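Chains as they are written, first to last, in this note's numbering: chain C, 3 to 322; chain R, 3 to 689; chain H, 359 to 621.
Notes to accompany the following structure.
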Amino acid sequence: MAGQIFAYIKHNEGVAEDSALELVAAAKKFAAGAAVTAIVTGSNVDALCNDMAASYQEVWKIDNDALSYPNAEVLRKVLLNILPNDAVILIPHDTFGMDLAPGLSIKIDSPFVSDIVDYEVEGDTLKAIRQEYSGQAHTHVECDISNGLVANIRPGVFQPDESKGVSGQVIDKSADTGDLTTGRHFLEIVEAEAGDVDITKSDVLVSIGRGIEDEENIEIAQELADAMGAVVSCSRPIVDAKWLEKSRQVGTSGQTVKPKVYLAMGISGSFQHLGGIKGNPFIVAVNKNPKAPIFQVAEVGVQADILEFMPELTEKIKGL
Amino acid sequence: METALIGPANASVLGIPMVIFSLLIPIVGAAVFAYIIARRLAPLVKAAPDNRFNRWPERIFQVLKIWFVQYRQPRYMVAGVLHIVIFFGFLTLSIQSSSLVVIGIFDGFVFPGLGGVLGHIYNFIKDYAATAVLIACIIAAYRRGILKPERYAVPEKYGHDHTAEAVFVLGLISLLMVSESAFEATLMAAQHQKGLAGEFVAPLTLVWLWKLVFNHTSIEKLQAIHVMSFYIHDLTFFFFLCFLPMGKHFHVITSIFNVLFMRLDRGNVKPVRYGVEDDKLDDLESFGVKKMEDFTWKHILDFYTCADCGRCSDQCPANAVGRPLSPRFISIKGRDKIFKNYPLRGDFLPSQPLIGDIYEEDEIWSCTTCGACEQECPLGIEYIDKIVDLRRGMVDEGMVPQSLQKPLGALEKRGNPWGKMEKKRAEWTKELPEDISVKVLNGKESAETLYFVDSITSYDDRMQDIGRATIKILNAAGIDFGILGPAEKDSGHEVLRFGEEMLFQDLKEHNTEAILESGVSKIVTADPHAYNALKNDYKDLPPVEHISQIILKSINSGAITLKKVEDDTKTYTYHDPCYLGRHNSLYNDPRKVLDAIPGLRRVEMIKCRDRSFCCGGGGLMLFYEPEEEQRMGVLRVEMAKEAGADIMVTACPFCLVNIEDAIKVAGMEGKMEAIDLAELVERHIVK
Amino acid sequence: MEILVCVKRVPDTAENEIEVRKDGTDIVRDDLVYSVNEWDNYAVEEAIQIVEKVGGSVTVVTVGDEDSEEVLRREMAMGADNGVLLSDPAFVGSDGKAIAGILKAEIEKGNYNLIFTGAQADDGAGQVGGMLAAMMDVPYASLVNHIEVLDDKKLKVGREIEGGNQEMHEIDLPCVLSIQTGINEPRYVGIRGIRKVASVEIPVHGASDIGIAADAVGAGGAKVKLVDYFMPELGEGAEMLEGSTEEIVDKLIELLKAKGGLK
C-alpha cells in the first residue's frame with residue numbers, strides 16, 4: 003500500500019489555479035475515498051487553506067513570508083523537511099512543477115514520473131500514460147510506489163473535482179520548514195511585453211486564414227476567441243496583409259504552436275501552415291471549400307462561411 | 003598654314019615661356035594619375051583569383067556590343083541616349099584633346115593621318131561632337147539637378163546624395179567642351195579678321211557660336227583668350243583624368259576592362275575558389291567572402307566600375323518590395339570601403355569582416371538571384387556571384403537565419419527541405435489514372451528519358467498537379483520515360499545559391515550517381531530551378547530539357563495536338579520564370595506553346611522576357627522571412643492585371659506557389675488565376 | 359568559466375511520422391533521422407557565447423552508443439572545445455535518474471563550474487537536469503531563457519514561465535541550468551564544419567572509467583520502467599458536421615467542451 007497522498011496546490015497570491023481541483027480528481031485514481039493532503043505554501047494563505055479544506059481531507063499550511071513567491075529551490079527544501087519518506091506527491095506539470103519535482107524525487111529517493119496524462123494504480127504499482135514525440139506516440143510506464151512517488155500531472159487532463167463536499171482539517175506546519183537558505187534567490191518577474199500575445203502559450207487557438215476576407219472581420223474572430231478564452235492566431239496571408247502582427251502567425255515561417263484545441267477558420271491548410279501545428283491538437287476546420295486540405299487533418303469539419311458561422315458560435319458560447 | 007595668333011607652345015606671359023606649363027601640366031598630371039592607378043590596383047592584386055583570361059573572341063564581342071555599341075544603354079531611353087552622345091563625343095574628342103596636349107609643346111602638331119582631308123572631316127565631326135556633348139551635359143545636369151529621377155535618390159541609410167559629384171563632373175566635361183571650342187574659335191576669328199585662310203566652321207556648333215561672339219573682338223583679346231582657353235582645357239583635362247578614379251567616374255577608365263572580363267555564362271555560380279577542384283574543397287581554410295580581399299579581382303573591379311546609374315536597383319525586385327537590398331549599394335558601399343581601406347596616401351588599413359560593417363545579414367539573404375540587375379547593368383557588373391560568395395562566408399561562420407537552418411538540416415538528412423520521408427517522394431504518382439504507369443528507374447527498369455521531379459513537385463500537394471500533368475504530357479507524346487523516385491534528392495539549386503556549398507556537393511554527387519546509373523540518355527524537368535541546376539551546376543549529365551521545349555517539339559512533330567482553348571473569353575499572359583528566361587534564354591518556347599492553343603488570346607506584361615519580374619524566389623527563399631513591405635508576387639499580379647490578363651501562365655512550381663498566394667493576398671481571387679504551362683497544355687491535348 | 363553541456367541524440371520529429379512497433383517495445387526506427395536535441399543545441403550555443411565573453415571552455419557530453427558521437431561532433435563544429443562520450447552496454451535502458459547518476463560521475467572527474475542540460479527532449483521527461491543538481495547538491499534552475507554572468511560566483515538567470523513572463527533569479531555557482539529554446543539564435547553548422555572536426559579524438563568513458571556500478575544503471579536499475587509504446591487514436595480525415603447551423607453549433611460546442619476548448 004502506498005504512503006500518504008499529497009497534492010501541491012499552485013496558486014496566484016491566494017487564488018488557486020485550476021490544477022488545485024484537478025489534482026483532487028487525479029488523486030481519486032489511487033483509491034476511491036483515499037485521504038489526500040493538500041499542501042499550501044505562501045504568505046497569508048489562510049483563506050486558500052480553508053477553501054482547499056472543502057476538497058481535501060487535510061490541508062497542510064506553510065505560511066511564511068519567505069515563501070510568498072514559489073521559488074522551487076526553497077520549496078524543495080520545505081517539502082523535504084515536512085514530507086514522510088514514503089509520500090506520494092502530486093504536482094502540476096507546469097513551469098513550477100518542472101523546476102521542483104525532478105530534484106525532489108532525488109532528495110526523498112522516490113521514483114519520478116513526469117507529465118502524466120493518465121494513470122492507474124494496482125497495488126504498489128503505478129501504471130502511467132505519458133506522451134512522447136510531441137504526442138505522436140504514447141507510452142505506458144510503471145514504477146513501484148511503496149516507498150513513495152513524485153508524480154507530475156499534466157494540467158487540464160483531469161476534470162477539476164468541484165464537489166467540495168469535504169470538511170477537511172487545516173494543519174499549520176509553518177514551524178517545520180527548517181532552514182530555507184538556498185543558492186538561488188528570486189529577484190522579480192519580468193512581464194511579457196504588453197500587447198505581445200504569445201500564441202505558443204495558448205491551449206486554444208482561433209486561427210484565421212484568407213476566409214476572413216477583410217481586416218474589419220478580424221473583430222468577429224476576436225469575439226469568438228474572447229468568448230472561448232482563446233487567442234487569435236492566423237496563417238501567413240493575414241500577416242502579409244498586415245492585419246495581424248507576425249507573432250500571431252502559425253506555420254513553418256511563423257510560430258510553432260502546441261495547443262490542445264485549434265480552430266482553423268477559413269484556413270485551407272497548406273503544409274507550410276500545418277507544419278507549425280504540433281502536439282496533435284483537436285483541430286476543428288471551418289471552410290467554405292469542402293475540398294480544402296485542412297479537412298484531411300482536422301478531427302471535425304464544418305463546411306460553412308466563417309463570417310456567418312463564427313458569430314453564431316460566439317453567440318451560443320456566450321449564452322452558456 | 004599661316005596663323006593669326008601665337009600658339010601656346012610659342013606664347014609667353016610676363017616673359018615666361020608658356021611651353022613650360024605645357025610640359026609641366028602633362029608630366030605632373032600623368033605622374034599623379036599613374037600613382038593613383040597604382041594605389042587603386044593594390045586591392046586587385048591582393049584579391050582572390052578569377053579566371054577571366056580566356057575565351058577572347060567572346061570577350062571582344064562583348065566589348066564591341068556592350069562597351070562600344072552601348073547595346074544596353076537605350077534600355078533606359080533618355081539616360082541611354084544622353085550617355086551614348088557623351089560616350090561617342092568623348093571617343094571622338096579624345097583625339098583632339100590628346101592633340102591639344104602636344105600642340106602646347108609643338109605648335110601646329112597634327113595627329114598622323116589627320117593632316118589632309120581626313121583632318122578636315124575629323125574637325126567637322128568633332129565640332130558637332132563637342133556641341134552634342136555639351137548639350138547632352140546640360141540636359142543630363144538638368145535631369146540630375148532639377149528633375150531628379152527616382153532611381154538616383156540615395157536612401158538615408160546609404161549616406162549622402164550623389165548629385166553634387168554627378169553635376170560637378172558634368173561641369174568638368176562642359177568646361178572641356180567650352181574651352182576646346184573657344185581655343186579653336188579664337189583662332190578662326192583671328193584668321194577671319196586678318197583675312198587668312200581658316201578651318202571650315204561647322205554651322206550651329208559651339209565653335210560657330212564662339213566665332214560669332216569673337217568676330218569683332220580685338221586680336222589682342224583673342225590672343226589672350228586663345229592661350230587662356232588652351233590652359234583651361236589642359237588643366238581641366240588632367241584634373242579630370244586624376245579625378246576619375248575618385249568616384250563613380252572611374253568607369254570612364256575601367257569600363258572597357260570590366261566589360262572585357264565580364265561573366266560570359268548565365269545560370270552558373272562561380273566555384274568557391276578558382277583553381278580548386280570540388281574534391282579539394284575540404285582543404286580550404288575559409289569559404290566564401292568574409293573580408294574585402296576574399297572577393298575576386300574582377301569583383302573589386304566591379305566596385306570601381308559602378309557608375310551609380312541605379313538601373314540594377316531599379317530592376318531589383320527585392321528593392322521594389324522594400325527588402326533591405328539595393329544592388330547599386332552593394333557596389334557603392336564596396337567601393338567606398340576599398341577607397342577607405344586603400345587610401346591614396348598612407349598605410350593600407352587592416353581588413354575587417356564585411357558583414358556587420360558595410361553589409362548586413364538580411365541584405366545578403368534578401369536576394370532571390372533572379373539576375374535582373376546583371377541583365378540591366380551597362381557595365382557588366384555581376385551581383386549573384388558576390389551574393390553567393392558572401393553567403394558562403396556567412397554559412398562558414400554559422401550566420402544562417404533560424405528560418406533557413408531547419409530546411410537546410412532537412413535537406414542534409416532527408417534530401418528535401420521539409421524533412422519529408424524519402425520513401426514518400428513518389429507518392430504523388432499514385433493519383434495518376436490507372437492506364438498511366440510511371441517507371442521508377444531503380445536499376446530494374448530503364449527508360450530513354452528521365453523526368454527529374456525535384457522536391458516541391460514531389461511533396462507539395464498543389465505542385466504535384468504539375469508533376470502529374472507533366473507525366474500525362476510525356477505519356478501523350480509517346481516518350482519513354484521514368485522517374486528516380488525515392489532515389490532522387492533535391493537538386494540543391496538554392497542550396498548552392500544560399501552558400502551551403504558542401505551540402506550542395508553532396509546532393510549533386512548523389513543525384514549525379516543516381517542519374518548516371520539509371521542509364522537514361524535525356525533528362526526532362528518541369529522545374530526551371532532543377533533545369534538550371536542539372537544544366538549549369540552539375541557536370542557530365544545527359545542533355546537536359548525543360549518540359550516547354552519537349553511540348554513545343556511534340557507539337558511541331560505532330561506527336562501531340564492541342565484543341566481549342568477551353569475558355570476563349572479569358573486573356574492569358576506568360577510570366578517568365580527567372581531560371582528559364584534570364585538564366586537560360588528560354589523565352590520563346592513557352593510562348594510558342596501558348597500560341598499553339600487555338601483561340602488563346604495572349605498579352606505581354608510591361609515587364610517580360612529579360613526584364614521579367616521575379617515572383618518572390620524559389621527553393622529556400624520560400625522559407626526565408628525577409629523584411630519587406632509587400633510581396634513581389636503581389637506586384638507581379640498587379641502587372642498582369644494592368645496588362646489586361648486574367649490568367650497568368652507560368653512554367654515553374656515556385657512561381658506558381660508565389661503567384662497563387664499573391665492573388666489571394668491581393669484579394670484578386672476570381673479575377674485572376676494562375677496555372678502552370680504543363681497543366682494548361684495537358685488540359686488541351688487531343689486524346 | 360568551465361562549462362559542461364549535456365546533450366542527447368534524438369529522432370527528428372518534425373516530419374518523421376512516428377509509428378510504434380507491433381510488439382510495442384519501441385517506435386519504428388527504420389526511417390528515422392536523428393539530430394541533437396533542439397534544447398541541447400541552444401544550451402551549447404549559450405555556453406559558447408558565455409565562453410566567448412568571459413573565457414573558459416565548453417565540453418559536451420552525452421550518454422549513448424557510438425552513433426551518439428555524431429551529435430558531439432556537430433556541437434564541437436559549433437564551437438565546443440571538447441567532447442566526451444559516455445558509453446557502456448550497462449547504460450542501455452537507463453532511466454532519467456540513472457542518466458543523471460552517470461553524468462554526475464563524469465562531472466566529478468572534471469572541474470566544471472556551470473552545467474547545462476536542455477530543458478527537455480521530445481523523447482524524455484525533462485528530468486535529468488533537476489536530478490543531476492539534486493545529486494550534486496548544487497542550485498538548479500529550469501527553463502532558463504536568459505543568463506548574465508555577474509562574477510565568478512554568481513549568475514543572473516531568467517526562467518520562462520507561463521504567459522511569456524520571465525522569473526529572474528540570482529544563482530550561485532556551481533549550478534545546473536536547464537536551457538529553454540529561444541534563449542539565443544544557435545549558429546548554423548554545415549557539413550564543412552562537421553568535417554573539420556571529423557578527426558578530433560573523442561574519449562569514450564565506460565562504467566568502470568567513471569566508477570559506476572553496472573547494476574545501478576541500465577534497464578535493470580531503472581526505478582521507472584517503460585512498459586510499452588502505443589499509438590494515440592487518430593481519425594481518418596475530419597468528421598463533417600451536418601445539419602442546420604444551430605445543430606452544428608450545438609454539436610461543436612459539446613465537442614469543444616469535451617476537448618477542453620471552452621473554459
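In this text, a Cβ means the ideal position worked out from N, Cα and C, and glycines have one as well.
Bear in mind that the values here come from a model prediction, so they are computed numbers and not experimental data.
If you draw a straight line from the C-alpha of residue 5 of chain C to the C-alpha of residue 148 of chain C, how long is it? 7 Å
7 Å Cβ shell around residue 225 of chain R - same chain, five flanking residues per side excluded: 7, 8
Does residue 323 of chain R have its Cβ less than 8 Å from a Cβ in chain C? no
Which runs of the beta strand (DSSP E) at least 3 residues long sit entirely within the segment 431 to 478 of chain R? Give them in chain order. 451 to 453
Which value, in whole angstroms, describes the spacing of the CA atoms of residue 130 of chain C and residue 441 of chain R? 49 Å
Look up residue 440 of chain H in the DSSP assignment and give the residues it is bridged to. H:417
So, under 8 Å CB-CB, residue 365 of chain H and residue 402 of chain H are touching, yes? Tell me the CB distance rounded to an integer number of Å. 7 Å
Expressed to the nearest angstrom, what Euclidean distance is found between the alpha-carbon atoms of residue 7 of chain C and residue 262 of chain C? 29 Å
Does the CB of residue 463 of chain R have a neighbour CB from chain C at under 8 Å? yes
In DSSP terms, what residue 114 of chain C is bridged to: C:152
Taking all protein chains shown into account, decide if residue 347 of chain R is buried (16 or more other Cβ within 10 angstroms of its Cβ) or exposed. exposed
For residue 521 of chain R, does the three-state DSSP call read helix, strand or coil? coil
Measure how close the beta-carbons of residue 222 of chain C and residue 312 of chain C come, nearest whole angstrom, since I'm counting them as under 8 Å. 5 Å
Determine, using beta carbons only, whether residue 595 of chain H comes closer than 8 Å to chain R. no
Apart from the five residues on each side of it in sequence, which residues of its chain come closer than 6 Å, Cβ to Cβ, to residue 225 of chain C? 316
Rounding to the nearest angstrom, what Cα-Cα distance links residue 490 of chain H and residue 654 of chain R in this structure? 54 Å
Rounded C-alpha distance that separates residue 458 of chain R from residue 253 of chain C: 17 Å
So residue 50 of chain C and residue 78 of chain C are in contact, right, with Cβ under 8 Å, and what is the actual spacing, rounded? 21 Å between Cβ atoms; not a contact.
As a quick exercise: from H:618, H:587, H:436, pick the residue whose alpha carbon is nearest that of residue 399 of chain R. H:436
List the residues that DSSP assigns as beta-bridge partners of residue 392 of chain H. H:369
Check the Cβ of residue 212 of chain C against every Cβ in chain R and list those closer than 7 Å, keeping chain order. 666
Counting Cβ pairs closer than 8 Å, one from the segment 553 to 560 of chain R and one from the segment 504 to 515 of chain R, do we hit at least three? no
How would you write the range of the alpha helix (DSSP H) that residue 768 of chain R sits in, first residue to last? The structure shown does not extend to residue 768 of chain R, since chain R spans only 3 to 689, so no value can be given for it.
So, for residue 657 of chain R: in the same chain, excluding its five sequence neighbours on each side, which residues have a beta-carbon less than 7 Å away from its beta-carbon? 577, 579, 617
Examine the Cβ distances between the segment 231 to 238 of chain C and the segment 201 to 208 of chain C and report whether three or more of them are shorter than 8 Å. yes
Compare the C-beta of residue 497 of chain H against all C-beta atoms of chain C and say whether one is closer than 8 Å. yes
Can the beta-carbon of residue 162 of chain C be found less than 8 Å from the beta-carbon of residue 23 of chain C? yes
Taking the C-alpha atoms as reference points, what is the distance between residue 176 of chain R and residue 607 of chain R? 40 Å
Cβ pair residue 651 of chain R, residue 682 of chain R closer than 8 Å: yes
Does the Cβ-Cβ distance between residue 419 of chain H and residue 464 of chain H come in under 8 Å? yes
Can you grab the Cα-Cα spacing for the pair residue 94 of chain C / residue 154 of chain C, in whole Å? 5 Å
When we look at the beta-carbon of residue 400 of chain H and count the other beta-carbons within 10 Å, is it buried (16 or more) or exposed? buried
Taking residue 543 of chain H as the query, report the chain A residues whose CB atoms sit under 7 Å from its CB, ordered along the chain. Checking the listed chains, one finds no chain A in this structure; the protein chains it contains are C, R and H.
Taking one C-beta from the segment 73 to 91 of chain C and one from the segment 104 to 123 of chain C each time, how about it: are there three or more such pairs within less than 8 Å? yes
To the nearest angstrom, how far is the alpha carbon of residue 269 of chain R from that of residue 460 of chain R? 23 Å
How would you write the range of the beta strand (DSSP E) that residue 133 of chain C sits in, first residue to last? 127 to 134
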